[in-house]
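This report concerns only the one structure given below.
Encoded structure:
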């Protein structure tokens, strides 16, 4: 039989174990992650939306821009979220690991603005069916031009995660200053993606797969997780099949799913990428 003091001791140990586990599982917020890595928060006003970015500027002709994914767009398969802010912010977690001097994390419209005046024009449609609408892409390009001017850079290098990969293609299709595109688990063919998952078409969105010709001369590397069931390698392969570009590659990365493994492997992928870039 346990004594009362023994039972109390065991209870305290159990509480401490769960507390420690909770701390270990804590995922830093965007503000915490940015502050720890000397990124500064900005809000850029565009014609329709306010766009949040975290910047780490330094003198350079090149600016690397990490574009966030769709975030918390849906709570369930049929119930959309009221706030698409990503938890955790994976594209930011990749950005802070980038050793190049001039780096920006660019959120999608309506992310990080809930509860502020910047959320005033946001509707659920803007992070569901119209997540890549002309208004979204035009406003993100507007913010990108403001950011580029502030940074003093001449060339942009776009890195898009998940839905941000499709956004990177659409942004680059409208610009003349994009020197490279990289995507991580990128949704590059939204028509095929919706068919694979038997979900409604993104009817208000521009399909990135229709813009392969516009970006064919931009060097591209598309990273796909070998264990990604959300955006499997067929998505990237279908995009490449439509492209006539000579400098485009798909790299399948073992040990990565849609959201797991990338943060740990990113420093090595960056090193390998820069070793092979002229």
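In mature numbering (1 follows the signal peptide of the UniProt record, and there is no 0), the protein residues as written are -26 to -1, 1 to 252. Cβ coordinates follow ideal geometry from the N, Cα and C atoms, glycine included.
Measure the Cβ-Cβ separation of residue 14 and residue 114 and say whether it is below 9 Å. no
Residue of 38, 233, 32, 28 minimising C-alpha distance to residue 248: Relative to residue 248, the option among 38, 233, 32, 28 whose CA is nearest is 38.
Just mark residue 218 as buried or exposed, buried being the case when its beta carbon has 16 or more other beta carbons within 10 Å. Around the beta-carbon of residue 218, fewer than 16 other beta-carbon atoms lie within 10 Å, marking it exposed.
I'd like the list of long-range same chain contacts for residue 135, defined as Cβ closer than 6 Å, with 5 residues on each side in sequence excluded. Non-local beta-carbon contacts of residue 135 in its own chain, meaning distances under 6 Å to residues more than five positions away in sequence, involve 43, 64, 65, 158 in chain order.
Is residue 192 near residue 153, with beta carbons less than 9 Å apart? yes
Which of helix, strand or coil DSSP assigns to residue 116: Three-state result, residue 116: helix.
Would the beta-carbon of residue 51 fall within 9 Å of that of residue 173? The answer is yes: Cβ separation under 9 Å.
Other residues of its chain near residue 165: CB distance less than 6 Å, five sequence neighbours each side excluded: 181
Name the DSSP beta bridge partners of residue 194, please? 155, 222
I think residue 20 touches residue 117, with their Cβ atoms under 8 Å apart; what is that distance to the nearest whole Å? 5 Å
For a test of the three-state rule: what should DSSP assign to residue -8, helix, strand or coil? Its pLDDT being 35, under 50, residue -8 is placed unreliably in this model, and the coordinates cannot settle the point.
Leaving out five residues on either side along the sequence, give the residues of the same chain with a beta carbon under 6 Å from the beta carbon of residue 84. 58, 96, 100, 101
Could you pull the start and end residues of the beta strand (DSSP E) that residue 187 belongs to? Unbroken run through residue 187: none, as it is neither H nor E.
Spatial neighbours of residue 185 within its chain, please: C-beta separation below 7 Å, excluding the five flanking residues on both sides. When the five nearest sequence neighbours on each side are left out, the beta carbons in the same chain lying within less than 7 Å of the beta carbon of residue 185 are those of 143, 144, 147, in order along the chain.
Which term fits residue 53, buried or exposed, when burial requires 16 or more other beta carbons within 10 angstroms of its beta carbon? exposed
Any heavy atom of the ligand SAH closer than 8 Å to the beta-carbon of residue 218? This structure lacks the ligand SAH, and indeed carries no ligand of any kind.
Buried or exposed: residue 69, going by 16 or more other Cβ atoms within 10 Å of its Cβ? buried
Give me the Cβ distance between residue 205 and residue 167, rounded to the nearest whole Å; I'm assuming they're in contact under 8 Å. 7 Å
To the nearest whole angstrom, what separates the beta carbons of residue 246 and residue 226, a pair I think is in contact under 8 Å? That pair is no contact at about 14 Å.
Measure the CB-CB distance between residue 105 and residue 47 and report whether it falls below 9 Å. yes
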